[in-house]
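Worksheet for the structure shown next.
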């Protein structure tokens, strides 16, 4: 009786142990990935026609105003370290690709106007970039922004073809835009930490 | 008071109270939840982006406040709960909806704990059944005199146990360390890979070769760009231009497409022996590169190595990623080789 | 210098822990505790030294140590400086190690002469300690010196202390949320005492299995350890909820965050264990089950630590990303696979002596509640891990959050209350229907009457009504049982009550805890089901009515404190007609030195029934936007929780003993004479 029950218990225990090992392997596979990051559902869908306010207060622009262009939308803020890292690459790329009908829209997110302007004064701007501000995080909602920096790419047909989470380098930026010029899909790319506050 | 009286009072009070509860709860229509309650429930059901897993209701982040405001507006505008949740799911993904009751996955989420309850309940009933048979046995709760005299040394079962523990722990540890040290820039490499294999649909109508040349000249170090341009020349049969760009690429990295196509062009220009080196190098970098395998088969035929050629074509024929017409050609070539 | 000394202390403690393992294994046969004296004392001294040195380094602003530079600053108030000793990852492990060392010493003191089980258990505790101090000596070194300064923080640090150090001129200061409330200094140590405490029952259980000493000894000897750890863990969770309520400002106390769940899991398992341990002691049943529960409880404490410190799950409570995840996971694997294998190998030695005579009996109901608690724990665990499991199986991204846990917890808790109410007053062995009816009839009537009253005053939520019915039922059942017993005694009421209570502190301590649980359940139901939420926008002097209260915006205020800027508003809480002021509240927004993110702090007025809870939601230009929450019976949650913990403490007074066969029989045959 006793040993019979004991052996049944052993099977229960072995089953529990196995379940644990499977779980442990699942856990082990997650080390080093950011649990807060997830893929964007917007990829390969038409871009939302967000309307954003220009930073200088002179009005608004809509994403659709640039249909036919390749559009690069970059979310940034003065408190975001990654934005500092990528700023130079973005301004350079905006200048270099100006002749290829590529529009850069920088959208300031969760920031104060003073800090944002200070950031641009310090790090410089590109005349080819449209600097805007996301009031009330409305466009961040439409674009499903998770954290900063994030950069979205829209092709000439108005389809969201790519998204980079984390700072972009000039190489990655130009490579991605070139791919889009060629009509290739880009998808989700992770380059490093995304921040929020 | 007699027992009987106590029973009657208890039953009476309980019955009246139960009546009041049932009548009170199920008579009037229950009030619809207020807008504030709906907002609270909704914001507790939506994960705040990048707030360490907190919901919009709990997070102090500025963006959470903005999205709560947005939900308030939607509710005021007459949107249903479902519409609001759907909107968030469409923009952020399903994993942002904490209320999984609508998803297919939630079935297992509910079924498994209920199963656990049933299995456990079954176990207790089984324990009771088992007990009936030995209920007359004397109840001894202390074990017979134990331990210190009994051998506590290592026996076979213990050894097996220790071995299992060791293997499991080492396996998990190794796996964990491995995954931690894995490349964190996988996505970037993936981009390069996409360009290399040219899997994307190339829409040539929008960019001219001259435009592309300009791009490549402006970005001399962007390999993917240059490969794409070289591929255009290659596919158009403009081998001189293609070769120029591919050779620059090969100066920078062992790009499989560049290796294979340079090999093919060399083969066509008559140097099949040199071509073999390129194509084999391409396959070394990317063993499952079918285009290179196809080239390899043709080059081997030219070199008279029928066996090696047959091996390459067999790979082609057995692959499921190759268009049928190419497969047919490969099969014909194989048949020819067998005959001759 | 401090770094070097601290590092040396950690290595000495590590060596001493190794020595405890070796000596414990060598002398487990003879049970000679004196052989462990030196390593245990050295272990304690070195652990205390490592903790004290870390605190000294923090209090003297020794910014050459990376931990000090990155978690404190010169403007941090003294209380939070002290608490910084355990507020971040490495420091928390130092505190963990200190507690382990103190517990090791206490266990050593309790070990008798010729006590093989106790000596082997010390070896197991030693082995657990080797892991934690090994962690401190390598991957989570609290004394790592700074090699590259980032100005007001340390950019990179060195594992090896004998290198040229770079000294940041100022420290970064603690996380803003952590220095916003004094509770943050108390809540983690409470939890850690609970977490670390379960090492002792676990050690005795595995030692007993190893020695085939699978009788009652390990259970009886660790009974108090289990109770104390359970009480501290519960108190820690309660304080965490209170902190969340007082500080976070979203108006809640429990968010089913993965890390909160990770603290609840061992508590649930431990609650089940405490009850099934009673069944084994009284009735000789459930030996195997107790081993499994104690292993599960300990493994779940390590699991909680793993979730908090590995970065695999997104949680506000998680420490910043670190590299110790794989080490913790390996340790967890060693614990789970190792102890389960040991159990499997020894299963045939574990007796199943006594049997379940009737499902309707004290042991039957305890068994039922054990099942419910286990399923509760399993559901929480399953829900917490479900997104990961689904992602691994299919790649789909799903989320499981508050809506699922809330919905699942309600039926489970109601079932728990029902079985608890019956079980608490059932006799052992067999509880016949007529006995149960006699003991429960008043409680049934009282519960339903309370429910009817609730309906009459206008509550129309089914789950709230059910919780009130069952909660009052549980309390009434216990009170009726107590008064019955008191009335049967010849002494006067006070003397009889003292006698009944004092004769069985274990039982009545448990019943006090049950009453606490019933109160907690009622409060959970009313605060979640009957809360009133509103957002009002007011200019100075304006009022708004929310529920039965009038809110008046009196004035804004700003004050600069050394480490923070406080911006707040004074708001009056008045009665419905806006005539009598009940309280003036000051919800604030604090901005801390070195942190750009402001932290909102709510303010609460607690009345006889309701809590009025105010938080700043925004506002500009002389207008303030306030979140106003009214939570009925919120205070009952804290009081009920406190009663639960007190019940655990009362039960400590119980004389640890095995079954008392004769009085058992008496209870079964003549209900009501004693309540053993």
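Protein chains in written order, with the working numbering: chain A, 903 to 1099; chain B, 798 to 1137; chain C, 8 to 683. For every residue, glycine included, the Cβ atom is placed at its ideal position computed from N, Cα and C. Note that this is a predicted model, so its numbers are computed, not measured.
For residue i, which residues from the same chain have a beta carbon less than 7 angstroms from its beta carbon, with the 5 sequence-adjacent residues on both sides left out?
i: residue 229 of chain C; result: 207, 208 and 211
i: residue 1128 of chain B; result: 1114
i: residue 1081 of chain A; result: 1088
i: residue 1 of chain C; result: Since the first residue of chain C shown is 8 and the last is 683, residue 1 of chain C is not available in this structure.
i: residue 377 of chain C; result: 279, 282 and 283
i: residue 1134 of chain B; result: 1103, 1106 and 1107
Looking only at its chain, what residues have a beta carbon closer than 8 angstroms to the beta carbon of residue i, apart from the 5 residues adjacent to it on each side?
i: residue 406 of chain C; result: 394
i: residue 137 of chain C; result: 21, 24, 25 and 28
My output table needs one value for residue i: the three-state DSSP class, helix, strand or coil.
i: residue 1021 of chain A; result: helix
i: residue 387 of chain C; result: helix
i: residue 156 of chain C; result: strand
i: residue 948 of chain A; result: strand
i: residue 983 of chain B; result: Note that residue 983 of chain B scores 30 on pLDDT, short of 50, meaning its location in the model is unreliable; the coordinates nonetheless yield the value given after this. Residue 983 of chain B: helix per DSSP, three-state reduction.
i: residue 585 of chain C; result: coil
i: residue 901 of chain B; result: coil
i: residue 964 of chain A; result: strand
i: residue 217 of chain C; result: helix
i: residue 289 of chain C; result: helix
i: residue 169 of chain C; result: coil
i: residue 1090 of chain A; result: strand
i: residue 604 of chain C; result: coil
i: residue 40 of chain C; result: helix
i: residue 1098 of chain B; result: helix
i: residue 1026 of chain A; result: coil
Going along the chain, which residues of its own chain have a beta-carbon closer than 6 angstroms to the beta-carbon of residue i, five neighbours each way excluded?
i: residue 1060 of chain A; result: 948, 949 and 969
i: residue 372 of chain C; result: 426, 429, 430 and 433
i: residue 1009 of chain B; result: 1026
i: residue 526 of chain C; result: 643 and 647
i: residue 458 of chain C; result: 472, 475 and 476
i: residue 918 of chain A; result: none
Under 8 angstroms between the Cβ atoms of residue i and residue j?
i: residue 412 of chain C; j: residue 428 of chain C; result: no
i: residue 308 of chain C; j: residue 202 of chain C; result: yes
i: residue 556 of chain C; j: residue 545 of chain C; result: no
i: residue 379 of chain C; j: residue 331 of chain C; result: no
i: residue 859 of chain B; j: residue 1012 of chain A; result: yes
i: residue 245 of chain C; j: residue 648 of chain C; result: yes
i: residue 54 of chain C; j: residue 124 of chain C; result: no
i: residue 1009 of chain A; j: residue 993 of chain A; result: no
i: residue 928 of chain A; j: residue 342 of chain C; result: no
i: residue 1075 of chain B; j: residue 1056 of chain B; result: yes
Just mark residue i as buried or exposed, buried being the case when its beta carbon has 16 or more other beta carbons within 10 Å.
i: residue 496 of chain C; result: exposed
i: residue 191 of chain C; result: buried
i: residue 857 of chain B; result: buried
i: residue 402 of chain C; result: exposed
i: residue 169 of chain C; result: exposed
i: residue 584 of chain C; result: exposed
i: residue 445 of chain C; result: buried
i: residue 216 of chain C; result: buried
i: residue 46 of chain C; result: buried
Does any C-beta atom of chain E lie closer than 8 angstroms to the C-beta of residue i?
i: residue 835 of chain B; result: No chain E is present in this structure, whose protein chains are A, B and C.
Report task. Return the residues of the stretch 1014-1034 of chain A that lie within a Cβ-Cβ distance of less than 7 angstroms from chain B, sorted by chain order. Result -> Cβ contacts with chain B: none found.
Query - Contact list for the stretch 940-965 of chain A against chain C, Cβ threshold 8 angstroms - result: If the cut-off is 8 angstroms between Cβ atoms, the stretch 940-965 of chain A has 940 and 941 near chain C.
**Report entry** Short-range partners of chain B found in the stretch 430-452 of chain C, where Cβ spacing is below 7 angstroms
**Finding:** The stretch 430-452 of chain C vs chain B, Cβ under 7 angstroms: 448, 449, 451 and 452.
Query raised in the report: What residues in the stretch 1040-1051 of chain A have a beta carbon less than 9 angstroms from any beta carbon of chain B?
Result: Flagged, chain order: 1040, 1042, 1043, 1044, 1045, 1046, 1047, 1048, 1049 and 1050.
Query - Residues in the stretch 1072-1090 of chain A having any Cβ partner in chain C nearer than 8 angstroms - result: Listed in sequence order: no entries.
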